[in-house]
Structures are given as structure tokens and as C-alpha cells.
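Residue 102 in full-length UniProt numbering sits at position 102 of the sequence shown; the count goes up by one each step and never skips.
Note that CB positions come from ideal geometry on N, CA and C, so glycine has one too.
All remarks here apply to the structure that follows.
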Amino acid sequence: MSSTGNQNRRKLDLDFEDEEEFQINLLINDLKPPFLDGCLIFTKKLEPVNPINDPPADMAIFSKKGRLLVCEKRLKKEHEKAAAKVAALGDTTLGNPTGVKEEPKVDGNLLT
Numbered sequence: 001m002s003s004t005g006n007q008n009r010r011k012l013d014l015d016f017e018d019e020e021e022f023q024i025n026l027l028i029n030d031l032k033p034p035f036l037d038g039c040l041i042f043t044k045k046l047e048p049v050n051p052i053n054d055p056p057a058d059m060a061i062f063s064k065k066g067r068l069l070v071c072e073k074r075l076k077k078e079h080e081k082a083a084a085k086v087a088a089l090g091d092t093t094l095g096n097p098t099g100v101k102e103e104p105k106v107d108g109n110l111l112t
């Protein structure tokens with residue numbers, strides 16, 4: 001009997017009425033925003049409210065001018081870089097016979 005495990009089994013009490021009943025009170029706050037609540041009318045105003053009141057469109061004009069200025073500065077910077085590369089004669093077929101040496105570039109603290 002001990003090899004089958006019958007010896008160690010306890011008696012199972014199926015009568016649950018004798019046990020004490022514990023009650024736990026839960027407070028549930030079911031907060032929903034008005035757009036999820038199912039309500040279709042959120043305000044008493046019938047017309048939509050325009051959040052930006054800019055009839056002469058000053059902000060649009062300033063942003064367009066700013067964008068053009070940024071593009072112009074970027075192109076100018078790229079042209080200056082390209083001109084510096086073209087003007088460098090060191091280690092070229094024209095610079096070698098004339099004796100032009102390439103200047104070392106300074107990147108931070110390192111010379112390359």
C-alpha cells in the first residue's frame with residue numbers, strides 16, 4: 001500500500017459551507033473620456049472653432065522665406081566646398097610639375 005501512495009493521502013473535505021466566507025469590497029472607477037463615452041455632442045457651439053486665426057497668413061509667409069533662406073545657405077556652403085576641392089592643386093597632374101604640395105588638413109587635434 002505504501003508503494004502506491006494510498007497511505008499518505010488525506011481525506012478531502014468537499015463540504016465548503018463550514019469555511020469562513022471572506023468578503024473583499026472593490027471600488028472600481030470606470031472613468032471614460034467624453035469621446036469614448038458614446039456622446040456625440042461635446043460642446044454647445046454649433047460652428048467649429050478655428051484654433052489659428054491668421055487671415056493675412058504671416059506665419060506661412062515667414063516659413064516660406066525661412067525655407068528659401070535655408071536652401072540658399074545650404075547651396076552656398078556646398079558650392080564653397082566644391083570650389084575648395086577643385087582649387088586644390090596638390091597631388092594633381094598640374095600641381096606635380098609646378099611643385100605645389102598638398103597642405104595637411106587639420107581635423108580637431110590630429111594632422112592627416
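Own chain residues within Cβ distance below 6 Å of residue i, not counting five before or after
| i | result |
| --- | --- |
| I52 | none |
| K65 | none |
| residue 136 | The requested residue 136 does not occur in the structure, where the chain is confined to residues 1 to 112. |
| A87 | none |
Output the residue ranges of the alpha helix (DSSP H) runs that lie fully inside the segment 23 to 87 and measure 4 residues or longer, sorted by chain position.
-> Complete alpha helix (DSSP H) runs here, min 4: 58 to 87.
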